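K.L.:
Residue numbers (the numbering used here): 411 to 583. My questions all concern the structure below.
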């Protein structure tokens with residue numbers, strides 16, 4: 411009686427484990443499809459739009475002449491030489507960066523359960539780090555450094571997308 415019951419329990423756990431793997435596998439595929447077709451392309455589009463907006467602002471607000479080479483503290487640069495003078499504009503860009511940072515962290519969180527997405531998660535982490543840098547440059551009003559940081563964010567986002575999409579396409583092969 412005990413052996414029969416023990417065999418039943420083992421079979422039940424085996425079936426339950428197999429079902430869990432099948433369900434989690436389909437969830438992982440859903441995550442890949444969602445990241446590849448929706449979330450990462452939207453993130454990339456937002457970076458493109460922000461880069462275009464900053465590029466216009468950079469061309470319009472770049473001071474003529476040179477920054478003082480001896481100034482090491484950005485806060486000591488005379489107010490007229492800062493690229494974004496409006497505190498409201500700086501705050502707007504900083505808040506935008508915080509929102510995008512939250513989005514990319516959400517994207518990273520949904521990839522945690524899939525070991526195949528470790529590389530993509532790493533690229534998203536690098537994008538997040540550069541968004542933090544962007545926010546700091548936004549607070550200082552340094553448009554050119556903001557642009558440089560966003561270009562890096564976009565490149566890491568694209569790299570993450572390529573990695574996720576190659577995983578998604580690999581299942582069809």
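Using N, Cα and C, we set each Cβ at its ideal position, and we do this for glycine too. It should be emphasised that the depicted structure is a prediction, and the values quoted were computed from it without experimental measurement.
In this structure, how does DSSP classify residue 458 when only helix, strand and coil are distinguished?
P.N.:
Residue 458 falls in the helix class under three-state DSSP.
K.L.:
Along the chain, where does the alpha helix (DSSP H) that runs through residue 522 open and close?
P.N.:
No alpha helix (DSSP H) contains residue 522, which DSSP labels as neither H nor E.
K.L.:
Look up residue 496 in the DSSP assignment and say whether it is helix, strand or coil.
P.N.:
Looking at residue 496 - three-state DSSP - the assignment turns out to be coil, as it is neither helix nor strand.
K.L.:
Label residue 524 either buried or exposed according to how many other C-beta atoms from any shown protein chain fall within 10 Å of its C-beta, with 16 as the threshold for buried.
P.N.:
That one is buried.
K.L.:
Here's the rule: buried if 16 or more other CB atoms are within 10 angstroms of the residue's CB, otherwise exposed. What is residue 498?
P.N.:
Label assigned to residue 498: exposed.
K.L.:
Does the segment 539-548 come within contact of the segment 563-576, defined as at least 3 CB pairs closer than 8 Å?
P.N.:
Output reads yes: the segment 563-576 touches the segment 539-548.
K.L.:
Could you say which of 451, 501 and 456 lies nearest to residue 547 if we only look at CA atoms?
P.N.:
When only C-alpha atoms are compared, the closest one is 501.
K.L.:
DSSP three-state label for residue 481, please.
P.N.:
Confidence in residue 481 is poor, its pLDDT being 48 and thus under 50, which makes the residue's placement too unreliable to answer from.
K.L.:
For my contact list, residue 446 and residue 562 are in at a C-beta cut-off of 8 Å; report their separation, rounded to the angstrom.
P.N.:
Not confirmed; about 21 Å, so no contact.
K.L.:
Thinking C-alpha only, which one of 535, 464 and 531 is nearest residue 552?
P.N.:
The residue with the shortest Cα to Cα distance from residue 552 is 464.
K.L.:
May I have the straight-line CA-CA distance separating residue 459 from residue 573, to the nearest angstrom?
P.N.:
Distance between the alpha carbons of residue 459 and residue 573 is about 23 Å.
K.L.:
Helix or strand or just coil, what does DSSP make of residue 552?
P.N.:
It is coil, neither helix nor strand.
K.L.:
So, are the CB atoms of residue 453 and residue 505 less than 8 Å apart?
P.N.:
No; because the gap between Cβ atoms is not below 8 Å, this pair is not in contact.
K.L.:
Rounded to a whole number of angstroms, what is the C-alpha to C-alpha distance between residue 495 and residue 550?
P.N.:
Distance between the alpha carbons of residue 495 and residue 550: 9 Å.
K.L.:
Pick out whichever of 441, 456 and 443 has its Cα sitting closest to the Cα of residue 509.
P.N.:
Out of 441, 456 and 443, 456 has the C-alpha closest to the C-alpha of residue 509.
K.L.:
Identify which residue in 493, 461 and 517 has its Cα closest to the Cα of residue 440.
P.N.:
Closest option to residue 440, Cα to Cα, is 517.
K.L.:
Straight-line CA distance for residue 528 to residue 511?
P.N.:
Whole-angstrom Cα-Cα distance: 19 Å.
K.L.:
Between residue 558 and residue 442, how many whole angstroms is the CB-CB distance? I'm expecting something under 8 Å.
P.N.:
Wrong, their Cβ atoms sit about 31 Å apart, outside the cutoff.
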